[in-house]
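In UniProt numbering, the protein residues as written are 1 to 642.
Presented below is the structure to which this report refers.
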């Protein structure tokens, strides 16, 4: 059987465990969401920042071509030596610049030369000038950097990264058009060594195990950690299906973006951003396991913290429950066992300080119970002695009672004869009262019938009065209609008069109309006279109705008053009936009581005889009671109260 301590601790720890588990789970979920969002934001910011940095580095170097083009465009006469000398400071200052040159359209620089493209490049910290590109074998007109440069407008034209066939060096070319009054006459170029670009990309740190690379506008790898892929393999043709899908996404989007990639069974977060307007896209990739590792570490830390917290809470709960609950309860159990053994002196000493919680209240209640039990046992002991003394007195009293009972039996015989005579007189009175009650009930029934008829008369009279009032109201409405007709007749009379006047003015032509107007006027006068007669008749009807209503109201009041008087008489009859019925019941009860009295007297006589015999038994019982009192005293002495 589990102890109370174990049960309480188990329940408390279960609740705390449930709360902590829910809190830990929610915290872990929120941390995972926030951390994943932060990682995505951080990597997006990083790829955009690195892409912007690369774009700026390329732009700073590519602007050499713009400066050269502007300087040559400003020349009135082409000076070959000056132009070559002009290139050297630019490529010396730019660390990423591999070389620079200017390339003219056929016969634009010199009418005798189709190819004119001197080029200066770095070779072991030395500047070397070469004319190897100015020939039909190289034919620089065919290359995209030249063609893009011619149509670049005021922007820099960027070539696709390529391997130069002369220097055998991978590079990117920035080209700008040379403008003259006649139009574009050539381009200037500045070549950027891809090795410098690749070295920078390889140093980009993406988390702990991530990496970066560049994808060209045609999808070729550049700066990849697997150097065998650089400028040789396209991401859209990679063996890994995940990289193929990523490549299609990168090439189809002009803006920055992100994607999930599976590479050799390992999931990666991929983020990409355009490198300015060079056509390059910087890509950084971070293993998902690295992100999950941080989340797992956080989860492990939370679990350890959770277990430590549960352990500490359990220890604190154990100490508190032992001190506040099980300790005091164990003491109460020990005290209960002592009380069960009969020791009621366990709390004779001063009480220890009790807590104000439920356990403290229980301890105080138990102490109070023991004190009350001790007092009860003490009182029982004292009472048992009184019982023994009273038993002896009871024996003496029983003997005296037996003698008195004999005298009582003799007296009861005399009382019984007197009661018989009284019973005969009461029965005669009962018969008279029953006759009076029947007569009163008959009168009450007749009063009820009269009352009902008067109520019906009052109701019919009230209905008649209401009907006459309604007739009076209708007469008023008829009078209003008559007044309306009278008004119309007066208006008609006026109209007829006006019509007669107009007819008279019309002369012979209005004579027929005048006759009609006269007839209308006569009809209006007759109508007015008729309405006045109707009004006088209605007034007479209303006056008669008012008198009838007044007479009926007076009759209703008289009927109501008469009904009230009859009801009062009926009430008096009811009181008489009630009084007679009460008298009858009392007489019947008296008859019954006298009968019971006679029977009681006979019973008393019998009981008196039995009482005599009982007193003898009481005497014997009192002796037994005395013996039991002695035994009770012996039982009480088993309790320790002193």
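C-beta atoms are modelled at their ideal positions from N, C-alpha and C, and glycine is treated no differently.
{"Asked": "Secondary structure of residue 435, DSSP reduced to three states", "Found": "helix"}
{"Asked": "Residue 385, DSSP secondary structure in three states", "Found": "helix"}
{"Asked": "Outcome for residue 96 when other beta-carbon atoms lying within 10 angstroms are tallied against a minimum of 16", "Found": "buried"}
{"Asked": "Residue 637 in three-state terms, based on DSSP", "Found": "coil"}
{"Asked": "Burial state of residue 564, where buried means 16 or more other Cβ atoms lie within 10 Å", "Found": "exposed"}
{"Asked": "Under 8 Å between C-beta atoms of residue 268 and residue 275", "Found": "no"}
{"Asked": "Residue 281 - DSSP class collapsed to helix/strand/coil", "Found": "strand"}
{"Asked": "Between the CA atoms of residue 635 and residue 357 - distance to the nearest angstrom", "Found": "38 Å"}
{"Asked": "Opposing strand residues paired with residue 61 [DSSP bridges]", "Found": "In the DSSP output, where bridge partners are listed per residue, residue 61 has none listed."}
{"Asked": "Reference residue 215, options 196, 603, 249, 633, closest by Cα", "Found": "249"}
{"Asked": "For residue 263, the first and last residue of its enclosing alpha helix (DSSP H)", "Found": "Not the alpha helix (DSSP H): residue 263 falls in the beta strand (DSSP E), residues 257–263."}
{"Asked": "Supposed close pair residue 102, residue 110 - CB separation, criterion 8 Å", "Found": "Incorrect: roughly 13 Å between the Cβ atoms, too far for contact."}
{"Asked": "Contact check, residue 146 vs residue 140, beta carbons under 8 Å", "Found": "yes"}
{"Asked": "Close Cβ partners of residue 129 (< 8 Å) along its chain, the five nearest in sequence each way excluded", "Found": "84, 118, 119, 120"}
{"Asked": "Every unbroken beta strand (DSSP E) within the segment 189–234, with a cutoff of 3 residues, ordered by chain", "Found": "211–215"}
{"Asked": "Status (buried if at least 16 other CB within 10 Å, exposed otherwise) for residue 124", "Found": "exposed"}
{"Asked": "Outcome for residue 158 when other beta-carbon atoms lying within 10 angstroms are tallied against a minimum of 16", "Found": "buried"}
{"Asked": "Residue 177 versus 201, 67, 229, residue with shortest Cα-Cα distance", "Found": "67"}
{"Asked": "Same chain only: Cβ atoms within 7 Å of residue 640, ignoring 5 sequence neighbours per side", "Found": "342, 343, 344, 345"}
{"Asked": "Strand pairing of residue 131, partner residues [DSSP]", "Found": "Its beta-bridge partners do not exist; DSSP assigns none."}
{"Asked": "Helix, strand or coil at residue 187 according to DSSP, with G and I counted as helix", "Found": "strand"}
{"Asked": "Where residue 96 falls: helix, strand or coil (DSSP)", "Found": "coil"}
{"Asked": "Start-to-end residues for the beta strand (DSSP E) that takes in residue 120", "Found": "119–123"}
{"Asked": "Outcome for residue 223 when other beta-carbon atoms lying within 10 angstroms are tallied against a minimum of 16", "Found": "buried"}
{"Asked": "Whole-Å CB distance - residue 332 paired with residue 366, under 8 Å assumed", "Found": "6 Å"}
{"Asked": "Where residue 46 falls, given that 16 or more other Cβ within 10 Å makes a residue buried", "Found": "buried"}
{"Asked": "Residue burial classification, residue 1 (beta-carbon count within 10 angstroms, cutoff 16)", "Found": "With a pLDDT of 45 at residue 1, under the threshold of 50, the modelled position of this residue cannot be trusted; read the value that follows with caution. Answer is exposed; the Cβ neighbour count stays below 16."}
{"Asked": "For residue 55 and residue 191, believed in contact at Cβ under 8 Å, the rounded distance", "Found": "Residue 191 to residue 55, Cβ: 17 Å. No contact."}
{"Asked": "Of the residues 263, 188, 89, the one placed nearest residue 242, counting alpha carbons only", "Found": "263"}
{"Asked": "Three-way DSSP call (helix, strand, coil) for residue 335 in this model", "Found": "helix"}
{"Asked": "Buried or exposed (CB count within 10 angstroms, at least 16 for buried), residue 486", "Found": "buried"}
{"Asked": "Where residue 82 falls: helix, strand or coil (DSSP)", "Found": "helix"}
{"Asked": "The segment 66–81 / the segment 197–213 touching (three or more Cβ pairs under 8 Å)", "Found": "no"}
{"Asked": "Residue span of the beta strand (DSSP E) that contains residue 180, given as start and end", "Found": "170–180"}
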